[in-house]
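**Student:** After the C-alpha cells below, expect a handful of questions from me.
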Amino acid sequence: GQQVMQIPQYQHVQEGEDFTTYCNSSTTLSNIQWYKQRPGGHPVFLIQLVKSGEVKKQKRLTFQFGEAKKNSSLHITATQTTDVGTYFCAVSFSGSARQLTFGSGTQLTVLP
Amino acid sequence: KAGVTQTPRYLIKTRGQQVTLSCSPISGHRSVSWYQQTPGQGLQFLFEYFSETQRNKGNFPGRFSGRQFSNSRSEMNVSTLELGDSALYLCASSSSGRGFYEQYFGPGTRLTVT
C-alpha cells in the first residue's frame with residue numbers, strides 16, 4: 001500500500017534549540033495534517049496543509065507543504081519542554097481523500 | 113463541547129475471546145474513524161463510519177469489524193483475539209462535509225491480549 005516516510009524517528013534537543021521533522025511520499029498527496037501526541041496521551045490535531053508550497057505558522061511552529069505535494073516539514077523554533085511528544089504527519093493520497101495514512105512519527109525529547 | 117469518549121479505557125482479554133469497544137463522538141460529528149496504535153506498526157487506519165455506513169476500510173482481517181448507530185456512536189469488535197491484537201485502539205470523530213477534515217481523537221482503549 002501507499003506509505004509515507006517520516007524522519008527522524010527520534011530527536012533529542014537542548015531546550016532553546018530548533019527542531020524539524022520531515023514527511024516524504026513517493027506519490028502526490030491530496031493534503032497533509034500534523035498531529036502531536038504527548039506521552040500517555042492521544043494525537044491532537046495541529047494543522048492541515050492543502051495547497052502546493054503552502055506555509056503556515058502557529059507561534060513557534062512552522063509547517064510547509066512541498067511544491068510537488070510529496071513532502072512536508074514541521075519546524076519548531078526555540079523548543080520548550082512543553083514541546084515534548086511525538087509528532088505525526090497524516091496524509092491523504094489523491095483518490096482516497098477521507099482515509100488517513102499516518103507517518104511513523106518523530107519522538108521529540110527536550111532536555112532542560 | 114465534550115470531547116470524544118471511549119470505553120472501556122483498559123481491557124485484558126485471553127486469546128480466542130472477542131471484544132467490543134465503544135466510542136462516543138463529539139456532539140454533531142457524524143464521522144467516526146478507528147485506528148490501531150502499536151509500537152511496531154504505529155498508527156494504522158481500521159475503518160471509518162459515516163451516517164451508519166462504513167465508508168472506508170483499512171487493511172485489517174475480517175476479525176475486525178465495526179458499526180455505527182443512528183446517534184453516531186460507534187463500536188468496534190475484534191473476534192478470535194490474537195496476541196498481536198494487543199494495542200491502543202483510538203477512535204476519532206470529525207464533522208461531516210466535503211473535503212478533508214481534522215480529527216478529534218479520544219483517549220483510547222488499551223487492549224491487552226494474554
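Chains as they are written, first to last, in the working numbering: chain U, 1 to 112; chain H, 113 to 226.
Every residue, glycine too, gets a C-beta built ideally from N, C-alpha and C.
Since this is a predicted model, take the numbers as computed values, not measurements.
Which bits of chain U does Tyr122/H rub up against, with CB to CB less than 7 Å?
**Tutor:** Going along chain U, no residue has its Cβ under 7 Å from Tyr122/H, so there is no contact; the nearest lies around 13 Å.
**Student:** Given that Gly105/U touches chain H, what residues does it touch there, using C-beta distances under 9 Å?
**Tutor:** The answer, in chain order, is Gly154 and Leu155.
**Student:** Indicate the three-state DSSP secondary structure (helix, strand or coil) for Gly178/H in the structure shown.
**Tutor:** The answer is strand: DSSP assigns Gly178/H an E or B state.
**Student:** Using a Cβ-Cβ cutoff of less than 6 Å, which residues in the same chain neighbour Ile7/U once the five nearest sequence positions on both sides are dropped?
**Tutor:** Hits under 6 Å: Tyr22.
**Student:** In chain order, what residues of the same chain lie with their CB nearer than 6 Å to the CB of Asn189/H, ignoring the 5 residues before and after it?
**Tutor:** The residues are Thr132 and Ser177.
**Student:** What does the alpha-carbon distance come out to for the pair His75/U and Pro151/H?
**Tutor:** Taking the straight line joining both Cα atoms gives about 24 Å.
**Student:** Fully enclosed by the region 33 to 81 of chain U, which alpha helix (DSSP H) runs are 4 residues long or longer?
**Tutor:** Those alpha helix (DSSP H) runs which fall completely within the region 33 to 81 of chain U and span 4+ residues do not exist here.
**Student:** Between which two residues does the beta strand (DSSP E) harbouring His12/U extend?
**Tutor:** Element bounds for His12/U: Tyr10 to Gln14.
**Student:** Helix, strand or coil: how does DSSP classify Leu158/H here?
**Tutor:** Strand.
**Student:** Using the beta-carbon of each residue, which ones in chain H are nearer than 9 Å to Pro43/U?
**Tutor:** By Cβ distance, chain H contributes Tyr147, Gln149, Leu155, Leu202, Ala204, Gln215 and Phe217.
**Student:** Which residues in chain U have a C-beta closer than 7 Å to the C-beta of Gly220/H? List them in chain order.
**Tutor:** Per Cβ cutoff of 7 Å: His42.
**Student:** Counting only the same chain and skipping the five closest in sequence on each side, list residues whose C-beta sits under 7 Å from that of Pro120/H.
**Tutor:** Closer than 7 Å at the Cβ level, and outside the excluded window around Pro120/H, lie Thr221.
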